[in-house]
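Colleague:
Protein chains: 2
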Amino acid sequence: MVTIKDVAKHAGVSVATVSRVLNNNGYVGTETRKNVMAAIEELNYSPNEVARSLYKRGSRLIGLLLPDITNPFFPQLARGVEDEAGRQGFRLLLGNSDEDIEKEMDYIQTFVQNNVVGMITATNHVDYDMYQSLDLPLVLLDRTSSSYPAVYADGREGGRLAAETLIKKGAQRVTLVKGPAHVKPAVDRYRGAMEVLGEADVDFSVMSTTSYAFEEALNWAEELFQKFPETDGIIASNDIVAIAIVHEALKRGKNIPGDLQIIGYDDIPQSRLSYPPLTTIRQPAYEMGRKAAELLIQRIGHPQQEHRSIQMPVELIQRHTTRKDDQE
Amino acid sequence: MVTIKDVAKHAGVSVATVSRVLNNNGYVGTETRKNVMAAIEELNYSPNEVARSLYKRGSRLIGLLLPDITNPFFPQLARGVEDEAGRQGFRLLLGNSDEDIEKEMDYIQTFVQNNVVGMITATNHVDYDMYQSLDLPLVLLDRTSSSYPAVYADGREGGRLAAETLIKKGAQRVTLVKGPAHVKPAVDRYRGAMEVLGEADVDFSVMSTTSYAFEEALNWAEELFQKFPETDGIIASNDIVAIAIVHEALKRGKNIPGDLQIIGYDDIPQSRLSYPPLTTIRQPAYEMGRKAAELLIQRIGHPQQEHRSIQMPVELIQRHTTRKDDQE
DNA sequence: ATGTTCTATGTAACCGGTTACACAATGCAG
DNA sequence: CTGCATTGTGTAACCGGTTACATAGAACAT
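Those protein sequence lines, which keep their order, are chains A and B. Going by numbering that gives the first Met the number 0, 129 is the number at position 130 of the first sequence; the sequence numbering is gapless. Going by numbering that gives the first Met the number 0, 26 is the number at position 27 of the second sequence; the sequence numbering is gapless.
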């Protein structure tokens, strides 16, 4: 490994001088600078971030903690974070928490041990000690809290929008699929939808699910049709579940959207690809990730400044699992 | 931040002793050990990995470089890598290369600067200087090379299998969708399929695609039906494209698998969810990720040892975009 | 009793950077 | 020409750990 000492020797100067040209601070003679640059070039030197980080007590690393990258909503978020962070010279340490506190704590510890300068986390456990005692810039992603800045989409509005849409399009017997109770955004959506359903002249039922896992989606779908075979409008807890429901409905020979309308949540990329293409409530995942990184890096620069959160708008994406014509 | 000095002072010993109990080496008296442990506990100390890494010239970090985490094949890989790495006490630095050499070089540089102890990369550019001159344990994932250990699935066999299946099930006019030419595994599959098609008594056409991006998938599908409206069997370049093709076919009123059979590649989780559920060639992505991490960590322990690669078997997953009955 | 080995602990060098401080040379004002 | 500010560079301390080496007492062998 070529170190700053090698460069110094090669250029016939001290390490301090090399450091000065590297960081572009302090006084350096024109000629000297040129020599040092040449030496750097020649030895193909690039400074050890670890040493740097040790002295500075801060790296160029950001910790990103997600529930599960395997859930298709998160890669978008992650990519948004990465792109923005990368643009500003930061790299990502990645962790999957599986919504498990143990794992989460583990990751946070190693993030800190590695001198990350900030963290972006999609956690339901902000109120735990570990976060309280963490003195790092932190931003929540897809979650909220009064204690930290957050980037999230308006889940309640999303839920309302989904329910309103279904009602407007003439659904009479709505089934609302409730996401896992420990996942905050899921309950926001649920509440939003309930608000609208409660005030409308429709029958409705609620079906609870306890996970967003792929493997279970088809089971939820089956269960749904067993329990509520007569439903003509379904608000799914997310797009995965929605797609599974579409699958099961077609298998049972239902006509979509004639007999049965379905509306998803998230607008993951494959929702456009499914057939019929899924009507859904869009969360701008990539953009949310970008904003979160932006916010975090801003805070890293100005830690004292008052924090602000960003609520992103949700949007109804009308495709073909709901009817074209509104029934007013 | 609480450092080893604080612990030493608190326990009334030297830093060396604290370090000894931390690392469980050297001699430490029973009583002393107890005191130190107590101090650690009390101060809630955990050692700074950065300092450690500087002296040891090696961290507990692994660099993971993927083309694009947003492509649904990769989260599985990533998760496999992460789980195995995590199990063995390693953390991941993540990078998306977009198959772009510039970005790739950038990431590799910062990985090295951060003292990663190894790298797992899905690159098509192993033969570039940057890899040659890298003296880090490296394992290729979903790619191969004679110079490095690799974990990959048998693409040629997968291609053959897809073609054989379609032929056996009676397709007469096969369309082979060729993936981007710069993506190695894509061309392996293509070759495998071609071998079989070339020797069979069927007509076939090849349609080239230049990307795996979601946004383009539906365009490829449309283009396919414009160019080859009479095809009755399609070998898609991956599951995303396959699902888009199913979409387009249904939209055009084709009967699947009656009029048209489709076979995908990868077996991403959503392939089971699509309707009709997709017949596809499965690559054990999660397992591949796990194995790659395993291999890498093994090499980190024994760098001199001769390297070996692992070829994972592919598998035909029969679902409902191909016919039940074989036509012999 | 003496020498050797084992146990226990501390001191200080080291990892590869950054920067406070010291010092010298130069430029410029009076 | 002298004095002070500016410029250019080196020395050494520091970041928070690890470990080579030194030291000393205890245990054991002869």
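From the three backbone atoms N, C-alpha and C, an ideal C-beta is built for every residue, glycine too.
Per DSSP, what kind of secondary structure is Asn34 of chain A in: helix, strand or coil?
Modeller: Helix.
Colleague: What does the alpha-carbon distance come out to for the pair Val27 of chain B and Pro46 of chain B?
Modeller: If you take the alpha carbons of Val27 of chain B and Pro46 of chain B, they lie about 18 Å apart.
Colleague: For Lys183 of chain B, count the other beta carbons within 10 Å of its own beta carbon; 16 or more makes it buried, fewer makes it exposed. Which is it?
Modeller: So Lys183 of chain B counts as buried.
Colleague: Evaluate the contact criterion for the stretch 143 to 151 of chain A versus the stretch 92 to 99 of chain A: three or more CB pairs, one atom per stretch, below 8 Å.
Modeller: The stretch 143 to 151 of chain A, when compared against the stretch 92 to 99 of chain A, does not touch it at the 8 Å Cβ threshold.
Colleague: Is it right to say Asn70 of chain B is buried, meaning 16 or more other beta carbons lie within 10 angstroms of its own, or is it exposed?
Modeller: Classification for Asn70 of chain B: buried.
Colleague: For chain B, is any of its Cβ atoms less than 9 Å away from the one on Lys8 of chain A?
Modeller: Output row for Lys8 of chain A: interface = no.
Colleague: Compare the Cα-Cα distances from Gly178 of chain A to each of A:Ala291, A:Ser207, A:His9, A:Ile239 and report the closest residue.
Modeller: If we check each option's Cα against that of Gly178 of chain A, A:Ser207 comes out closest.
Colleague: Could you say which of A:Ala284, A:Glu163, A:Arg289 lies nearest to Ala152 of chain A if we only look at CA atoms?
Modeller: Among A:Ala284, A:Glu163, A:Arg289, the Cα nearest to that of Ala152 of chain A belongs to A:Ala284.
Colleague: Taking Cβ-Cβ distances shorter than 7 Å, what residues in chain B pair up with His124 of chain A?
Modeller: Correct list: empty, because the minimum Cβ distance to chain B is about 18 Å.
Colleague: What does Tyr274 of chain B touch in chain A if you count any residue whose Cβ is under 9 Å from its own?
Modeller: Result: Ile242, Val245, His246, Glu247, Ala248, Leu249, Lys250, Ser273, Tyr274.
Colleague: List, from N- to C-terminal side, the beta strand (DSSP E) runs of 3 residues or more that fit wholly inside the stretch 6 to 85 of chain B.
Modeller: Segments of the beta strand (DSSP E) lying fully in the stretch 6 to 85 of chain B: 60 to 65.
Colleague: Please compile the residues from chain A whose C-beta is within a distance smaller than 7 Å of the C-beta of Ser52 of chain B.
Modeller: Val49, listed in chain order.
Colleague: What's the call for Asn22 of chain B, buried or exposed, on a 16-neighbour Cβ count within 10 Å?
Modeller: Exposed, by the Cβ-count rule.
Colleague: Using C-beta distances below 7 Å, list every residue in its chain close to Glu194 of chain A, excluding the 5 sequence neighbours before and after it, in chain order.
Modeller: Within the same chain, Glu194 of chain A has close Cβ partners Arg159.
Colleague: Count the other CB atoms within 10 Å of the CB of Pro256 of chain B; is the residue buried (16 or more) or exposed (fewer)?
Modeller: Classification of Pro256 of chain B: buried, given that the 10 Å Cβ count is 16 or more.
Colleague: For Leu44 of chain A versus Val14 of chain A, is the C-beta spacing smaller than 9 Å?
Modeller: Per the sequence shown, the amino acid found at residue 44 of chain A is Tyr instead of Leu. It is not a contact, given that the beta carbons lie outside the stated cut-off.
Colleague: Tell me where the beta strand (DSSP E) around Gly157 of chain B begins and ends.
Modeller: Note, Gly157 of chain B: premise wrong, no beta strand (DSSP E); alpha helix (DSSP H) at 154 to 167.
Colleague: Just list the residues that DSSP pairs Met0 of chain A with in beta bridges.
Modeller: DSSP lists no partner for Met0 of chain A.
Colleague: Starting from Arg218 of chain A, trace the alpha helix (DSSP H) in both directions and tell me its first and last residue.
Modeller: Going by the sequence as given, residue 218 of chain A is Asn instead of Arg. Start and end: 213 to 226.
Colleague: Starting from Lys339 of chain B, trace the alpha helix (DSSP H) both ways and give me its first and last residue.
Modeller: Residue 339 of chain B falls outside the range modelled here, since chain B spans only 0 to 327, and no answer is possible.
Colleague: Return the chain-ordered ranges of every beta strand (DSSP E) run that is complete within the stretch 237 to 271 of chain B and spans a minimum of 3 residues.
Modeller: Correct list: 260 to 265.
Colleague: Rank A:Gly263, A:Glu40, A:Ala38, A:Arg59 by C-alpha distance to the C-alpha of Phe110 of chain A and give the top, closest one.
Modeller: Nearest C-alpha to Phe110 of chain A: A:Arg59.
Colleague: DSSP three-state call for Gln310 of chain A: helix, strand or coil?
Modeller: Three-state result, Gln310 of chain A: strand.
Colleague: Going by DSSP in three states, Asp187 of chain A sits in which element: helix, strand or coil?
Modeller: The answer is helix: DSSP assigns Asp187 of chain A an H, G or I state.
Colleague: Per DSSP, which one or two residues make a beta bridge with Ala149 of chain A?
Modeller: DSSP, once it has assigned bridges, lists A:Leu139 as partnering Ala149 of chain A.
Colleague: At a CB distance below 7 Å, what residues from the stretch 105 to 132 of chain A approach chain B? Give them in sequence order.
Modeller: Hits within the stretch, in order: Gln108, Thr109, Gln112, Asn113, Asn114.
Colleague: State buried or exposed for Ser132 of chain A, treating a residue as buried only when at least 16 other CB atoms are found within 10 Å of its CB.
Modeller: Classification for Ser132 of chain A: exposed.
Colleague: So for Leu277 of chain B, helix, strand or coil by DSSP?
Modeller: In this structure, Leu277 of chain B counts as coil in the three-state DSSP scheme.
Colleague: Which of the three DSSP states is assigned to Asp105 of chain A in this structure?
Modeller: Reduced to three states, the DSSP call for Asp105 of chain A is helix.
Colleague: Could you have a look at Leu294 of chain A and say whether DSSP puts it in helix, strand or coil?
Modeller: Here Leu294 of chain A sits in helix by DSSP.
Colleague: Does Pro136 of chain A pass the burial test, meaning 16 or more other C-beta atoms within 10 Å, or should it be called exposed?
Modeller: Burial call: buried.
Colleague: Who are the near neighbours of Asp55 of chain B in its chain, counting only those whose CB is closer than 8 Å to its CB and skipping five residues on each side?
Modeller: What sits at residue 55 of chain B in the sequence shown is Lys, not Asp. Hits under 8 Å: none found.
Colleague: With a threshold of 9 Å between beta-carbons, can Glu350 of chain B be considered close to chain A, or not?
Modeller: Examination of residue 350 of chain B is not possible in this model, given that chain B is present from 0 through 327 alone.
Colleague: In terms of residues, what are the limits of the alpha helix (DSSP H) holding Asp128 of chain A?
Modeller: Start and end: 128 to 131.
Colleague: Please name the residue or residues paired with Gly329 of chain A in a DSSP beta bridge.
Modeller: No statement about residue 329 of chain A is possible, as the shown extent of chain A runs from 0 to 327 and does not include it.
Colleague: Enumerate in chain order the residues of its own chain whose CB-to-CB distance from Pro328 of chain B is below 6 Å, with the five nearest sequence positions on each side excluded.
Modeller: Nothing about residue 328 of chain B can be reported from this structure: the residues present for chain B run from 0 to 327 only.
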